[in-house]
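Scroll down for the structure; my scribbles are underneath it.
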Amino acid sequence: MNLIQLVYLKELLHYGSYTKAAQNLGVTQPALSAQIKKLEEETSLSLIDRTARPLKLTGDGEYFFEEALEILQRLDKLRDLSDHLSHEIKGELRMGIIPTLAPYFIPFFIDDLQHEYPELELSIEELITEDIIHKIRTGNLDAGLISTPVNAGRMKFRTLFYERFFLYVSDDHPLYDRDEVSLDDFDPDEIWYLKEGNCFRNQVNSLCNLSGRRRRKPVLVYKTNSVESLRRIVESRKGITFIPELATVNLPSEYEDMIKPIKGDDHVREISLVYSSLYVKKRLIDSFAELAVSRLPKHMRSEPRGEGTVLKSDIKLKY
């Protein structure tokens, strides 16, 4: 067994294809296949489920790869050691961010980040929570911004801020003239919300206790991970949706009256930084997080007082 074989295995899992992985590695497909087969022979394990498309790990392969990935991440940490000891903020940082946060949070800090750390090469990718965790585990992301709590082994989490929920109500809806709206004031079938598997949708379900209330089959099904898309639908097709606090900040003035606080105790989602337990690129991750959060309104950086509730994401990870 050698490091090259572990790197090849990592790339094969990332691309899910021998052809694509070989192209990225600059080797032939037979050479890649031979190394993976040799690794399986040396470990006496069947690592790859070759019937799956894209290719994936077997049960034994998942256990093996977690240990192999830790070795590769420790090597990455050694490579980053010189940058860490130099106290300079430079190099590549690959971040994942959930779609319900990305368009609202990134504009708060991106210009200041580039000005403050001109040698930081920041790459940001919008992904759902499960994919962010997976890519951090496989070494294809350094860290992510997700809604927590989430149960994920070998991951570390650092709470950054809390974001309240608001209702976004059509201007021809009976609740439009209300200053605030109770969750009991409307029919759950009026709600436009995100597709299954999105943590924001899960939190809305928890907030409204929708699991047993939603009965009528919808006339229109629109699957999206975009809060902006839901907002546009409410503006054109009426109804109600939920939006996160940051989505209300730069809303055009003509739509401000459609934002309705939820009556009663505050219900918030917790936004956290997630990264490998080995904390590769620690200095870059810490510097990014501290600057980004410092640009937010102060009240969002503290846990809500009193009876406020942090809603669970209820993300079901595959492993």
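Okay, so the sequence shown: first residue is 800 according to this note's numbering, each after it adds one. All residues carry an ideal CB built from backbone N, CA and C; glycine is no exception.
With a contact defined as Cβ atoms closer than 8 Å, L838 and Q872 miss out at about 18 Å. Spanning the alpha carbons of D1085 and Y1074 requires a straight line of approximately 11 Å.
Residue pairing by DSSP puts F956 in a beta bridge opposite V1073. Taking 4 residues as the minimum length, the alpha helix (DSSP H) runs contained wholly in the segment 863-942 are 880-885, 901-915 and 928-936, in order along the chain. If you check the CB distance, I1070 and F956 do not come in under 8 Å.
Between F904 and L1110, the CB-CB gap reaches or exceeds 8 Å. By the Cβ neighbour-count rule, N1001 is buried, with 16 or more other Cβ atoms within 10 Å of its own. Annotation for P1096: no residue places its beta carbon closer than 8 Å to its own, counting only its chain and skipping 5 residues before and after.
Of the candidates R963, N1024 and C998, the residue whose Cα lies closest to the Cα of S1101 is R963.
Burial check for N950: the Cβ neighbour count within 10 Å stays below 16, so the residue is exposed. For D848, the three-state secondary structure derived from DSSP is strand.
Counting along the chain, the unbroken alpha helix (DSSP H) around F1087 starts and ends at K1081 to S1093. Note on geometry: alpha-carbon atoms of E869 and L1077 lie some 8 Å from one another. Rounded to the nearest whole angstrom, the CA to CA distance from D1064 to E979 is 12 Å. The beta carbons of F1087 and L892 sit about 6 Å from each other, so the pair counts as a contact at 8 Å. Per DSSP, K1059 is one residue of the beta strand (DSSP E) stretching across I1058 to P1060.
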